[in-house]
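Colleague:
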Amino acid sequence: MSREPLLRVRRLTIRFPATRNGPEAIPVSGVDLEIHRGETLALVGESGSGKSLTGLSLLGLVPHPGQVDAVSQLFLDEQDINTLKPEQLRAIRGRRIGMVFQDPATSLTPVLTVGSQLREAITAHRAMKKTDARARAESLLSEVGMPDPTAGYEAYPHELSGGLRQRAMIAIALAGEPDLLIADEPTSALDVTVQAQILETIDRLRAERGMAVLLITHDLGIVAGRADRVAVMYAGQIVELRRTADLFRQPSHPYTRALLHAIPRLDRAAELVTIPGIVPSPADWRMGCRFQPRCAEALPRCATETPPVVPLGNGEWSRCWLAQEKSR
Amino acid sequence: MIGPLLDLPRRAFRIPSGRTGLVILGLFAASALVGPMVLPPPSAMPDVVAGATPPSRAHPFGTDHLNRDMLSRVVSGGRISLTVALLAMLVSVTVGSAVGLVAGYAGGWIDAILMRVVDAALAIPRLFVILLLLVVWERIPLVALILVLGTTGWFATSRLVRGEVLRLRAEGFISAARALGARPARIIARHLLPNAAGPLLVAATLGVGEVILLEAGLSFLGLGIQAPTPSWGGMVLDARPVMVTAPWTALVPGAAIVLTVLAVNLVGEALQTALDPRGR
Numbered sequence: 001m002s003r004e005p006l007l008r009v010r011r012l013t014i015r016f017p018a019t020r021n022g023p024e025a026i027p028v029s030g031v032d033l034e035i036h037r038g039e040t041l042a043l044v045g046e047s048g049s050g051k052s053l054t055g056l057s058l059l060g061l062v063p064h065p066g067q068v069d070a071v072s073q074l075f076l077d078e079q080d081i082n083t084l085k086p087e088q089l090r091a092i093r094g095r096r097i098g099m100v101f102q103d104p105a106t107s108l109t110p111v112l113t114v115g116s117q118l119r120e121a122i123t124a125h126r127a128m129k130k131t132d133a134r135a136r137a138e139s140l141l142s143e144v145g146m147p148d149p150t151a152g153y154e155a156y157p158h159e160l161s162g163g164l165r166q167r168a169m170i171a172i173a174l175a176g177e178p179d180l181l182i183a184d185e186p187t188s189a190l191d192v193t194v195q196a197q198i199l200e201t202i203d204r205l206r207a208e209r210g211m212a213v214l215l216i217t218h219d220l221g222i223v224a225g226r227a228d229r230v231a232v233m234y235a236g237q238i239v240e241l242r243r244t245a246d247l248f249r250q251p252s253h254p255y256t257r258a259l260l261h262a263i264p265r266l267d268r269a270a271e272l273v274t275i276p277g278i279v280p281s282p283a284d285w286r287m288g289c290r291f292q293p294r295c296a297e298a299l300p301r302c303a304t305e306t307p308p309v310v311p312l313g314n315g316e317w318s319r320c321w322l323a324q325e326k327s328r
Numbered sequence: 001m002i003g004p005l006l007d008l009p010r011r012a013f014r015i016p017s018g019r020t021g022l023v024i025l026g027l028f029a030a031s032a033l034v035g036p037m038v039l040p041p042p043s044a045m046p047d048v049v050a051g052a053t054p055p056s057r058a059h060p061f062g063t064d065h066l067n068r069d070m071l072s073r074v075v076s077g078g079r080i081s082l083t084v085a086l087l088a089m090l091v092s093v094t095v096g097s098a099v100g101l102v103a104g105y106a107g108g109w110i111d112a113i114l115m116r117v118v119d120a121a122l123a124i125p126r127l128f129v130i131l132l133l134l135v136v137w138e139r140i141p142l143v144a145l146i147l148v149l150g151t152t153g154w155f156a157t158s159r160l161v162r163g164e165v166l167r168l169r170a171e172g173f174i175s176a177a178r179a180l181g182a183r184p185a186r187i188i189a190r191h192l193l194p195n196a197a198g199p200l201l202v203a204a205t206l207g208v209g210e211v212i213l214l215e216a217g218l219s220f221l222g223l224g225i226q227a228p229t230p231s232w233g234g235m236v237l238d239a240r241p242v243m244v245t246a247p248w249t250a251l252v253p254g255a256a257i258v259l260t261v262l263a264v265n266l267v268g269e270a271l272q273t274a275l276d277p278r279g280r
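Note that the protein sequences, when read in sequence, are chains E and B. One point on numbering: in this note's numbering, the residue at position 142 of the first sequence is 142, and numbering is uninterrupted. One point on numbering: in this note's numbering, the residue at position 229 of the second sequence is 229, and numbering is uninterrupted.
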């Protein structure tokens, strides 16, 4: 792992301007992240926490009318993605940053064969003869674990199972040989047995290619053993950033503890544990800590005072008053 | 989701009404191709004295008021009518798709302007516009007729395509293509158009029927295809003075028009059924 991070995100803020139907919303506010080459960073959070938007912003694909605020810096090596023109952004998409989406059933064009979509991805960033592109496509398909690359190449998406479709999607995302692979809930639409295989495939490819992986998920369970570090996101902010082992051993933020507690376990015959309440919508974010209304351990000051970022050593940190108390 | 598009005609063929339509259209197409090789030339031997003769062994559909063979004229009229209808449809589908794709993909003010133009165009009766355009020519060239019919028929198609694009834009594979760095032109050509092709094919097929009727009507009014080039509408026009004494002169081209439009509509409807995922 080299010293300089591949991606350095500073103060990432995404705004949706006020409309007739509601006030301005800021679903991502002040996210700081670093991803190093060869590293897997997991971005974990519930629906509505802003984790997917964070991923999309790295490709300049925040859906209309959302905007990445000008204070945000998204440095990919020396280049700030947030200042790029559309043409420059396109050169980054697929080539430097690849993306795997959640639902492989809808992420492939139904009327084209997997092969022709894969070829399209290959030739999007470098000119190549059709026969060469085909050979490259089949080798990519075999690399992502497609059992019969030739058959996979000629298949239409609906002829493949969910797991194979997701493998095809990964092959497409890898076609431009990206330095960073964003996997947004890559296994949420798949069977549990297939989930593990897909995640292992992504991890193997990361190791083989030395690329970085941003794994976006709501499932802390799939993070263990796969991610190097974990960023826990809540209500548009990262509330805790830890090395994976430390996070599981000694979670600092009450939200992380609640999430870990909510993972179903076979050795604990009890009802499923849930966190009371839901993630507040951006319009309802108030002063103080955003998790305070749902927090079992909240202090009086949590309701009114914005919690500090408390360093925990080794670049780890937690955004919590409790952590502040403890560190004293 | 729709499967590969190539499958569509085959599925349409499995539907009885679609099969009937395709067989009728196939017969017309075959006769239009083979007819001229085996039949007497449609404009030969004008003989005013003999006049219209009823169907006989020599002339299975009889002859018209100039004693020309009706079978040969209806076949070669079909050639022209079908060609005009197909080409006009191609023009209107091309223009309509282009406008619909651009409007739907670009959105915003481009979409607003294009769709208001379409709204306005749809508010003007098509026949009225065509009549206005046609009086410019004394004898309208075929190409001009095709262009006039084509450029006045794309408005509804553009609406349809725009609607499809708006639906497809929300699909994951469009975001996926953008995330790969695909250019807008490529997204439109490779991902939007093929996925909108099903409904477009249905609209195009039904459009052919409409153009055949329109062309027949215009030719009947003497504004479409000009004599001596045979056309179905023109043949009905020619039959007018002798219609009572020689009804076959009007019935044969009339039946050709009805059968073709019926067949086209049957095929269009079968395609629509084949396209509906719930129907499978």
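All residues carry an ideal CB built from backbone N, CA and C; glycine is no exception.
1. Given that a residue counts as buried once 16 or more other Cβ atoms are within 10 Å of its Cβ, and exposed if not, what is B:A185?
2. What are the complete beta strand (DSSP E) segments, minimum 3 residues, inside the stretch 113-188 of chain E?
3. Closer than 8 Å by C-beta to B:T20: which residues in its own chain qualify, once you throw out the five before and the five after it? Chain order, please.
4. Following the continuous beta strand (DSSP E) through E:F75, name the residue where it begins and the one where it ends.
5. Would you mind reading off the limits of the beta strand (DSSP E) that contains E:R11?
6. Out of curiosity, what's the CA-to-CA distance linking B:Y105 and E:R15?
7. Would B:R280 count as contacting chain E if we go by Cβ distances under 8 Å?
8. Between E:W321 and E:R301, is the Cβ-Cβ spacing less than 8 Å?
9. When the cut-off is 8 Å and only beta carbons count, does E:L373 lie next to chain B?
10. For chain B, is any of its Cβ atoms less than 8 Å away from the one on E:S2?
11. I think E:P282 touches E:A70, with their Cβ atoms under 8 Å apart; what is that distance to the nearest whole Å?
12. Establish whether the CB of B:S175 and some CB of chain E are separated by less than 8 Å.
13. Mind reading off the beta-carbon distance from B:L8 to B:A274? Whole number of angstroms is fine, and I expect it under 8 Å.
14. DSSP three-state label for B:R19, please.
15. Where does B:M37 fall in DSSP's three states?
16. When you compare the CB of E:D103 with every CB in chain B, is at least one pair closer than 8 Å?
17. Please identify the residue among E:S116, E:E177, E:H125, E:A175 whose C-alpha is closest to the C-alpha of E:T150.
18. If we ignore side chains and look at the alpha-carbon of each, how far apart do E:G277 and E:Q292 end up?
19. Helix, strand or coil, according to DSSP, for E:Q292 in the structure here?
20. Is it buried or exposed for E:R290, if we count other Cβ within 10 angstroms and need 16 for buried?
21. Return no unless some Cβ of chain B is closer than 8 Å to the Cβ of E:M99.
22. Mind checking whether B:I15 and B:A270 have CB atoms under 8 Å apart?
23. Under 8 Å, do E:L260 and E:L220 count as touching if we go by C-beta distance?
24. Just checking my contact of B:M235 with B:G77 at CB under 8 Å: how many whole Å lie between their CB atoms?
25. Tell me which residues of the stretch 200-226 of chain E have at least one Cβ-Cβ distance to chain B shorter than 7 Å, keeping chain order.
26. Since B:D168 contacts B:I174 with CB under 8 Å, what's their CB separation in whole angstroms?
27. Can you give me the Cβ contacts of E:I162 inside the same chain, cut-off strictly under 8 Å, excluding the 5 residues immediately before and after it?
28. Since B:E171 meets chain E, which of its residues come closer than 7 Å, beta carbon to beta carbon?
29. Starting from the beta carbon of B:A182, find every residue of chain E whose beta carbon is closer than 9 Å, and list them in chain order.
30. Can a CB atom of chain B be found closer than 8 Å to the CB of E:I14?
31. Check whether the Cβ of E:M287 sits closer than 7 Å to any heavy atom of the ligand ADP, and report yes or no.
32. Determine, using beta carbons only, whether B:G153 and B:G217 come nearer to each other than 8 Å.
33. Taking all protein chains shown into account, do 16 or more other C-beta atoms lie within 10 angstroms of the C-beta of E:R126, making it buried, or fewer, making it exposed?
34. Hey, is B:A179's beta-carbon within less than 8 Å of any beta-carbon in chain E?
35. Using a beta-carbon distance below 8 Å, is E:L59 in contact with chain B?
36. Can you find a C-beta in chain B that's less than 8 Å from the C-beta of E:T83?
Modeller: Judging by the given coordinates:
1. Its Cβ having fewer than 16 others within 10 Å, B:A185 is exposed.
2. The DSSP assignment places 180-184 as complete runs of the beta strand (DSSP E) inside the stretch 113-188 of chain E, in order along the chain (cut-off: 3 residues).
3. Closer than 8 Å at Cβ, skipping near neighbours: A263, L266.
4. Looking at the DSSP string, the run of the beta strand (DSSP E) that includes E:F75 is 73-76.
5. Boundaries of the beta strand (DSSP E) harbouring E:R11: 7-16, taken from the DSSP string.
6. Near 23 Å, if we compare the C-alpha coordinates of E:R15 and B:Y105.
7. Any reading at B:R280 must be qualified, since the residue scores a pLDDT of 42, below 50, and its modelled position is unreliable; no value is offered.
8. Going by C-beta atoms, E:W321 is nearer than 8 Å to E:R301.
9. For chain E, the structure presents residues 1 to 328; residue 373 of chain E sits outside this window and is missing.
10. In this prediction, E:S2 has a pLDDT of 49, which is less than 50 and means its spatial position is unreliable; what the coordinates show is noted afterwards. No, no contact with chain B.
11. The beta carbons of E:P282 and E:A70 sit about 19 Å from each other, so the pair does not count as a contact at 8 Å.
12. Interface residue, yes.
13. Their Cβ separation, rounded to whole angstroms, is 6 Å, which keeps B:L8 and B:A274 in contact under 8 Å.
14. Per DSSP, reduced to three states, the secondary structure at B:R19 is helical.
15. DSSP places B:M37 in helix when its eight states are reduced to three.
16. Judged by the 8 Å Cβ criterion, E:D103 is in contact with chain B.
17. Checked all of E:S116, E:E177, E:H125, E:A175; the closest Cα to E:T150 is E:S116.
18. Going from the Cα of E:G277 to the Cα of E:Q292 covers about 11 Å.
19. Correct three-state label for E:Q292: helix.
20. Burial is judged here by how many other beta carbons sit within 10 angstroms of a residue's own beta carbon; E:R290 has at least 16 and is buried.
21. Chain B, which has a Cβ nearer than 8 Å to the Cβ of E:M99, makes this yes.
22. For the pair B:I15 and B:A270, the CB atoms are nearer than the 8 Å cut-off.
23. Against a cut-off of 8 Å, the Cβ pair of E:L220 and E:L260 comes out as a contact.
24. Here B:M235 really is in contact with B:G77; their C-beta atoms are around 6 Å apart, less than 8 Å.
25. Under the 7 Å Cβ criterion, the stretch 200-226 of chain E contributes no residue.
26. Going by the sequence as given, residue 168 of chain B is Leu instead of Asp. Contact flag correct, Cβ pair sits at about 6 Å.
27. In the sequence as presented, Ile is not what sits at residue 162 of chain E; that position holds Gly. Counting only Cβ-Cβ distances below 8 Å, and skipping sequence neighbours, we find P104, A105, A189, L190, D191, V194.
28. The contact set of B:E171 on chain E, defined by CB atoms closer than 7 Å, consists of T106 in chain order.
29. Listed by position along chain E, the residues whose Cβ is nearer than 9 Å to that of B:A182 are R90, R93, G94, E120, A121, A124.
30. With 8 Å as the cut-off, E:I14 does not count as an interface residue toward chain B.
31. Summarising the ligand content, the structure contains no ligands, and the ligand ADP is consequently not present.
32. Going by C-beta atoms, B:G153 is not nearer than 8 Å to B:G217.
33. Classification of E:R126: exposed, given that the 10 Å Cβ count is below 16.
34. At a cut-off of 8 Å between beta-carbon atoms, B:A179 makes contact with chain E.
35. Yes, contact with chain B.
36. No - not a single Cβ of chain B is within 8 Å of the one on E:T83.
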